[in-house]
Amino acid sequence: MGERIDYADGRWVVPDHPIIPFIEGDGTGPDIWRAARRVFDAALAKASGKKRRVEWLEVLAGEKAFKATGHWLPDATLDQIRAHRVAIKGPLTTPVGGGIRSLNVTLRQTLDLYACIRPVRYFDGVPSPMREPQRLDVVIFRENIEDVYSGVEYRAGSAEADAVIAFLSERFGAKIRPGSAIGIKPMSKFGSQRLVVKAIQYALRTRRASVTLVHKGNIMKFTEGGFREWGYEVARERFGGRTVPEADAAGGSHDAAKVIIKDRITDAMFAQLVLRPDEYSVIAAPNLNGDLLSDAAAAQVGGLGLAPGGNVGDGYAVFEATHGTAPKYAGLDKVNPGSVILSGAMMFEELGWDDVASAIVRGLGEAIRSRRVTYDLARLMPDATEVSTSQFAECIIEHV
Ligand code: NAP
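See the structure below:
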């Protein structure tokens, strides 16, 4: 019998047989989920014998939910995820028109999953545009709720936009061209600091050398500049004994067990990731910066096909493939299940089952090294043999 995962005093309490809800996803979702689940079960068996296993619980969302219930994201699904706290999902179709919000955004906002976590690392053999792609190994923590993505935006010429323009110019003398579209960029100390705290906790737990705050505070002094200032502040106040600001760590005289806190202006950070990637390990960024950096970094190590992701809050987490539903390949047993498989590895790592996570990552790495890969990698790798989604899973399982 499975049991629920709990959360107490800022930590997951994980039974040996946790119930974990999954959303299979639309399009190619069922193909990749089927493959991923077999890999997870094999890695669990390998790492823990019969001691630990997951009871997977299907919950509906997307097209499958709409067909069965008439709702894209039924309340029952949200209730189950809330009750079980940690879930994993395949990609979902975003219904076009009809005023339906993205299901992914709804999940994030309803469960307050404020940290979007994207590890970016290289797997030997994957074609990359870089000469030394293995030098990049970062985990990006992107704030997920605030900033220009918070949804406070008004169309050019709308009554709302005009009213905001009139208010700002009459009250504060702001100079805004009449008829402009308006977007608001709210960034709070609370929202910024809880994200930076997650990044520092992760760096301490996984013994990563530094946390870099990425911001455009030279231009946006109070929002992005606030992010930088609040980040250093919370590092000092909550983790003073275990972190050290870069300025005090110059010359390498600091205690090596301490995590170095640094900051970089966003544009410089893009250049740094290309030129000196090995100087960075954990990155904490506001929503927009983090979004752009995640995909750019993923491209450096060979694209988005393998990039996993997790959306994590306090006591709730949903892990997901970062690509879409690739509908033209649905049911063909063709696409790469790597993204959802690595998202599962992230999930096990978050729950403290590092041995299971390592087994999965090792299996995937070896499968790629053996050059038996799905079409997307096979078309770019000389001498590779193209295999189906299920055969690729088989190959990973051989190596977990
Ligand atoms: P997409 O589904 O990511 O597909 C774009 C292309 O990326 C595919 O045609 C394929 O390239 C490649 N690709 C994607 N997943 C792959 C995989 N697992 N293995 C190998 N190649 C893969 O993006 P889209 O066509 O823009 O979006 C389709 C639907 O997905 C939309 O409804 C969108 O809203 C939704 N979506 C959902 C999420 C999510 O749930 N997180 C994220 C993004 C998009 P080739 O054609 O070159 O083979």
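Read in order, the letters of the sequence shown are residues 5 to 404 in my numbering. Where a beta carbon is used, it is the ideal one built from N, C-alpha and C, also for glycine.
Quick one: Cα of residue i to Cα of residue j, how far?
i      : j      : result
Pro22  : Glu7   : 5 Å
Met351 : Ile223 : 37 Å
Gly369 : Cys399 : 10 Å
Glu150 : Lys54  : 43 Å
Leu172 : Arg268 : 31 Å
Met385 : Ser374 : 11 Å
Arg41  : Phe226 : 45 Å
Gly74  : Thr393 : 30 Å
Val322 : Gly309 : 19 Å
Ala39  : Asp318 : 29 Å
Arg125 : Ala170 : 48 Å
Tyr11  : Tyr206 : 17 Å
Leu355 : Asp13  : 14 Å
Asp380 : Glu324 : 19 Å
Arg122 : Pro281 : 16 Å
Gly33  : Val17  : 29 Å
Lys338 : Thr389 : 13 Å
Ala382 : Pro190 : 44 Å
Glu228 : Ala275 : 19 Å
Asp295 : Ala163 : 30 Å
Pro78  : Lys202 : 30 Å
Rounded to the nearest angstrom, how far is the Cβ of residue i from that of residue j, given a contact under 8 Å?
i      : j      : result
Ile372 : Val130 : 6 Å
Phe145 : Ile287 : 7 Å
Gly335 : Asp35  : 7 Å
Leu277 : Pro312 : The pair is not a contact, with the Cβ atoms about 18 Å apart (cut-off 8 Å).
Thr216 : Tyr153 : No, Thr216 and Tyr153 are not in contact; Cβ-Cβ is about 21 Å, not under 8 Å.
Arg366 : Val391 : Not confirmed; about 19 Å, so no contact.
Lys193 : Gly245 : About 22 Å separates the two Cβ atoms, so there is no contact after all.
Can you find the residues in the same chain that come closer than 6 Å, C-beta to C-beta, to residue i, ignoring five residues on each side of it along the sequence?
i      : result
Ile186 : Tyr158, Ala165 and Val168
Gln197 : Trp234 and Val238
Thr378 : Asn340 and Phe396
Gly161 : Gly183
His88  : Arg8, Ile23 and Pro25
Phe44  : Gly348
Val200 : Gly235, Val238 and Ala288
Following the continuous beta strand (DSSP E) through residue i, name the residue where it begins and the one where it ends.
i      : result
Ala91  : Val90 to Lys93
Ser285 : Looking at the DSSP string, Ser285 is not in any beta strand (DSSP E), and its letter there is neither H nor E.
Arg122 : Ala119 to Arg125
His219 : Ser214 to His219
Asn340 : From DSSP, Asn340 is part of no beta strand (DSSP E); its letter is neither H nor E.
Asn293 : Counting along the chain, Asn293 falls outside any beta strand (DSSP E), though it belongs to the alpha helix (DSSP H) covering Asn291 to Gln304.
Trp234 : Note, Trp234: premise wrong, no beta strand (DSSP E); alpha helix (DSSP H) at Glu228 to Phe243.
Val316 : Pro312 to Val316
Thr247 : Thr247 to Pro249
Leu61  : Glu59 to Glu62
Glu150 : Run containing Glu150: none; DSSP gives neither H nor E here.
Val156 : It is not in any beta strand (DSSP E) - Val156 carries neither H nor E in the DSSP assignment.
Asp267 : Val263 to Ile269
Arg15  : Arg15 to Val17
Asp166 : Taken as a continuous stretch (DSSP letters only), Asp166 belongs to no beta strand (DSSP E), being part of the alpha helix (DSSP H) at Ala163 to Phe176.
Here's a check: name, in chain order, each residue in its chain whose Cβ is nearer than 7 Å to the Cβ of residue i, leaving out the five neighbours to either side.
i      : result
Asn148 : Arg112, Leu117, Tyr118, Ala119, Cys120, Asn291 and Asn315
Gly29  : Trp37, Gly66, Lys93, Gly94, Pro95, Leu96 and Thr329
Pro331 : Gly31
Phe70  : Trp76
Leu4   : The structure shown does not extend to residue 4, since the chain is modelled only from 5 through 404, so no value can be given for it.
His258 : Val248 and Asp252
Phe243 : Ile204
Ile180 : Ile169, Leu172 and Ser173
Gly342 : Gly309, Leu310 and Leu368
Thr270 : Val218, His219, Lys220 and Asn293
Pro99  : Trp76
Can you name, in chain order, every residue of its own chain whose Cβ lies under 8 Å from the Cβ of residue i, other than the five neighbours on each side?
i      : result
Gln395 : Arg376
Arg175 : none
Lys68  : Glu28 and Asp30
Val305 : Val124, Arg125, Tyr126, Phe127, Val130, Ser132, Met134, Pro137 and Leu140
Asp387 : Arg375
Trp85  : The amino acid occupying residue 85 in the given sequence is Ile; Trp does not appear at that position. So the list reads Pro25, Val63, Ala91, Leu111, Leu115, Tyr320 and Val322, once near-sequence residues are dropped.
Ile364 : Val43, Phe44, Ala47, Ile345, Leu346, Gly348, Ala349, Phe352, Ile400 and Val404
Gly232 : Note on residue identity: the sequence assigns Arg, not Gly, to residue 232. Contacts found: Leu217, His219, Gly221 and Asp267.
From which residue to which residue does the alpha helix (DSSP H) around residue i run?
i      : result
Val43  : Gly33 to Ser52
Val200 : Lys193 to Arg209
Tyr379 : Tyr379 to Ala382
Val391 : Counting along the chain, Val391 falls outside any alpha helix (DSSP H), and DSSP gives it neither H nor E.
Is there at least one Cβ from chain C nearer than 9 Å to residue i's Cβ?
i     : result
Arg57 : No chain C appears in this structure, which consists of one protein chain only.
Check whether the stretch 11-22 and the stretch 57-70 touch, using three or more Cβ-Cβ pairs below 8 Å as the test.
yes
Taking one C-beta from the stretch 124-140 and one from the stretch 104-113 each time, how about it: are there three or more such pairs within less than 8 Å?
no
Given 8 Å as the limit, is there contact between the stretch 37-52 and the stretch 355-366, that is, 3 or more CB pairs closer than that?
yes
Kindly confirm or deny that the stretch 257-268 and the stretch 202-220 touch, where touching means at least three C-beta pairs closer than 8 Å.
yes
Between the stretch 246-258 and the stretch 293-308, do at least 3 Cβ pairs fall closer than 8 Å?
no
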